[in-house]
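Engineer: If you scroll down you'll find the structure; I have some questions about it.
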């Protein structure tokens, strides 16, 4: 890994470090668009063709679906230690996300005789994309499916590549509440969930990470269906001072780097001795790892050890970077937390390894990458609900607001809007039933 002294860097190098492996999708968009349109037009036949071309399997549509009894059997067949770990992780994820539930109804008195508020409703059908290829990800199944079940989604469709047909993935899907699991991956899976085929149902929203082709496909179907975010390769920033242990910092960087050659991992520190020690530890610890070649490529291409003149500059760089994972390994990490404006998840203190968030704390591990943490949150219960505005006015309330409504409607040239108010307030033509009070106290248990 290269050491960069921030004050000595030119603007181009600074920009490159902040941009990390943010993908340029322009080159692959035409190919992805062709596949999407083909699946939209030909349905199952096109999906089968792309399974054969990209995954090397020639399966008829009836083989794509994983039956519930297969998921249950996979759970029973798991190694007991793995089964117990998955159970504990799922329990933690459910507990964390149940705390995110919102009131199904809230109302406020906006003015005398005027109530305004919201009702919260779950989506009818969502599609989950579970990546599979370099690794298998039962934890992503939990991170996506459990919030959806907590939100009350009625139908949860999940797609994963045939290579992702791992017992732990199947077991997690069944236990987490997936109703329809299909062994279809890549652009074809996104297209099938966006448009619907004879076998795979159309969904209302597609959620979950994937490779660049999946990312491009989600971008292109946005509008046909909703999506969660454009999540690219994973990334980590460690903000550390001289109190951090170099071997622990190096281990954290290596743990994230082993995901993918496009992973971005930075250490940002005001301590040059720490940066030099971390580099030595990476070189010592890395070669013994099974996925060292992947980690080495990531660290050489998108990694770096950035030395700043002070902690203030380090904090400014972190906020500019807006990392997916931000680890604060400093003397007093809690003192820094109020100053963190942009991050997908923050890990405070040397014992707070990112792996804990991936596997055990219950927080969601599907997080914004590529700088999206400046404006986007992690997947949560809110990802799987929609909010419907509610308004109720009495005659008094409408009279109170009439001058505002009519003046603004006529400024905008929408005279029928103003007339709809004046007609009601002019009297005549009968009145609503006397006992109809739209602003009566609602049942607080209204679902």
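In the numbering used here, the protein residues as written are -11 to 435.
Virtual Cβ for every residue (Gly too), placed ideally from N, Cα, C.
Values in this document were obtained by computation on a predicted structure and should not be read as measured data.
1) Between the alpha carbons of residue 390 and residue 409, how many angstroms are there, rounded?
2) Less than 6 angstroms between C-beta atoms, sequence neighbours within five positions excluded: which residues of the same chain meet that for residue 299?
3) Would a check of beta-carbon distances place residue 322 closer than 8 angstroms to chain B?
4) Do residue 205 and residue 237 have their C-beta atoms closer together than 8 angstroms?
5) Going by DSSP, which residues form a beta bridge with residue 257?
6) Spatial neighbours of residue 90 within its chain, please: C-beta separation below 7 angstroms, excluding the five flanking residues on both sides.
7) Short check: CB of residue 251 to CB of residue 219, under 8 angstroms?
8) Rounded to whole angstroms, what's the CA-CA distance from residue 345 to residue 33? Just pull it up for me.
9) What residue does the beta strand (DSSP E) around residue 168 start on, and which one ends it?
10) Throw me the rounded Cβ distance for the residue 161 and residue 133 pair, which I believe falls under 8 angstroms.
11) Identify whether residue 134 lies in helix, strand or coil by the three-state DSSP scheme.
12) Ignoring anything shorter than 4 residues, give me the alpha helix (DSSP H) runs that lie fully in the stretch 178 to 223, in order along the chain.
13) Less than 8 angstroms between the CB atoms is what I'm expecting for residue 145 and residue 191, so what's the real figure, rounded?
14) Give a yes or no on whether the C-beta atoms belonging to residue 282 and residue 249 are separated by under 8 angstroms.
15) Between which residues of its own chain and residue 435 is the CB-CB distance below 6 angstroms, once the five residues before and five after are set aside?
16) What does a CB cutoff of less than 7 angstroms around residue 121 pick up in its chain, not counting 5 residues either side in sequence?
17) Buried or exposed: residue 96, going by 16 or more other Cβ atoms within 10 Å of its Cβ?
18) Would you mind giving the Cβ-Cβ distance between residue 336 and residue 355, rounded to the nearest angstrom? I have them listed as a contact below 8 angstroms.
19) By the 10 Å Cβ neighbour count, where 16 or more other Cβ atoms means buried, how is residue 439 classified, buried or exposed?
20) So what's residue -9 in DSSP terms, helix, strand or just coil?
21) Restricting to Cα atoms, I'd like to know which of 63, 186, 100 is closest to residue 48.
22) Report all residues from its chain with a CB closer than 7 angstroms to the CB of residue 301; omit the five preceding and five following residues, and keep chain order.
23) For residue 117, which of helix, strand or coil comes out of DSSP?
24) Looking at the secondary structure, which residues open and close the beta strand (DSSP E) in which residue 106 lies?
25) Ordered along the chain, which non-local residues of its own chain (more than five positions away) have a Cβ less than 7 angstroms from that of residue 28?
26) Classify residue 7: buried if its beta carbon has 16 or more other beta carbons within 10 angstroms, exposed otherwise.
27) What would DSSP say about residue 347, mapped onto helix, strand or coil?
28) I'd like the list of long-range same chain contacts for residue 357, defined as Cβ closer than 6 angstroms, with 5 residues on each side in sequence excluded.
29) Can you tell me the Cα-Cα spacing of residue 267 and residue 303, whole angstroms?
30) For the alpha helix (DSSP H) containing residue 322, list its first residue and its last residue.
31) By Cβ distance below 7 angstroms, which residues in the same chain neighbour residue 105 in space, the five residues on each side in sequence not counted?
32) Reducing DSSP to helix, strand and coil, say where residue 154 ends up.
33) Does DSSP classify residue 139 as helix, strand or coil?
34) Which one of 201, 263, 196 has the shortest CA to CA distance from residue 229?
35) Within the same chain, show all residues whose beta-carbon is closer than 8 angstroms to that of residue 154, passing over the 5 residues directly before and after it, in chain order.
36) Taking 8 angstroms as the threshold (C-beta atoms), are residue 362 and residue 231 in contact?
Structural biologist: The answer reads as follows:
1) Approximately 7 angstroms, taken between the alpha carbons.
2) 258
3) Absent from the structure is chain B; it holds one protein chain and no more.
4) No, Cβ-Cβ distance for residue 205 and residue 237 is not below 8 angstroms.
5) 295
6) 108
7) No, the pair does not count as a contact, with Cβ atoms beyond the cut-off.
8) If I take the Cα positions, the gap works out to 40 angstroms.
9) 168 to 170
10) 7 angstroms
11) Looking at residue 134 - three-state DSSP - the assignment turns out to be helix.
12) 200 to 209
13) 6 angstroms
14) yes
15) Any reading at residue 435 must be qualified, since the residue scores a pLDDT of 43, below 50, and its modelled position is unreliable; the value itself is stated next. Residues 92 of the same chain have their beta carbon placed closer than 6 angstroms to that of residue 435, with the five preceding and five following residues left out of the count.
16) 149, 151
17) exposed
18) The Cβ separation is near 16 angstroms, so there is no contact.
19) Given that the chain is displayed from residue -11 to residue 435, the structure contains no residue 439 and the question cannot be resolved.
20) strand
21) 186
22) -6
23) strand
24) 102 to 110 is the extent of the beta strand (DSSP E) around residue 106.
25) 179, 183
26) Result: exposed.
27) helix
28) 219, 220, 223, 312
29) 21 angstroms
30) 321 to 324
31) Taking residue 105 as the centre and dropping the five residues before and after it, the same chain places the C-beta of 93, 94, 95, 96, 378 closer than 7 angstroms to its C-beta, in chain order.
32) coil
33) helix
34) When each option's Cα is compared against that of residue 229, the closest is 263.
35) Closer than 8 angstroms at Cβ, skipping near neighbours: 120, 124, 126.
36) Remark: C-beta atoms of residue 231 and residue 362 do not approach each other more closely than 8 angstroms.
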